[in-house]
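Working notes for the structure below.
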Amino acid sequence: WQPLGEPLVHVSAPLQVAFEATGRHLVTGSYSGAVWWNLAPSVGQPARLEHGARVTRGAFSPDGKTVATGTSAGRLHLWNLPDNSLRHAFPAQSGAVLHLRYDNSGNRFLTFGIEGTVRFWDAATGEARGRPLPHPTAIY
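Numbering-wise (this note's numbering), the sequence shown opens with residue 869 and increments by one.
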């Protein structure tokens, strides 16, 4: 096995990584925040996405125009791509966001918190949809 390119250097140890559907972009999360990477050759520098807490999860919308990031403080951030502007930031869970996933339509996504609750969100507005679903334990 040979590396496909130079290593992507992160400020602190990455905790998670998520590819965008086309494979041209990825988001990494760490103790120092998140970084959005454009993997196309010779396309500028990575963009740092500030959070103020460890970034525990990240997921791209199916169309690749938004990246959602969840933190150890239970907050969710929705970022517009490619300009990296913050669209929404709000409390999503009472503890760390352990999982984050868009549905295939890109109209909603879910978060799963360390406290064992699944929550559904409107992808356009960031508003909660439906009732939280309790789970007897956290899923790691």
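Even for Gly, the Cβ is constructed at its ideal location relative to N, Cα and C.
| Check | Outcome |
| --- | --- |
| Extract the residue ranges of the beta strand (DSSP E) inside the region 925-954, only unbroken runs of 3 or more that lie entirely within it. | 934-939 and 943-948 |
| Considering only the beta carbon of each residue, do T934 and G897 sit closer than 8 Å? | no |
| Once you ignore the five residues that flank A908 on each side, which residues in its own chain have a CB closer than 8 Å to its CB? | R892 |
| So, for A921: in the same chain, excluding its five sequence neighbours on each side, which residues have a beta-carbon less than 6 Å away from its beta-carbon? | T939, S940 and A941 |
| Let's test the definition: count the other Cβ atoms within 10 Å of the Cβ of E995 and tell me whether it reaches 16, buried, or not, exposed. | exposed |
| Quick one, are the C-beta atoms of L894 and R925 less than 8 Å apart? | no |
| Apply the 10 Å Cβ neighbour rule to F977 and answer buried if 16 or more other Cβ atoms are within range, or exposed otherwise. | buried |
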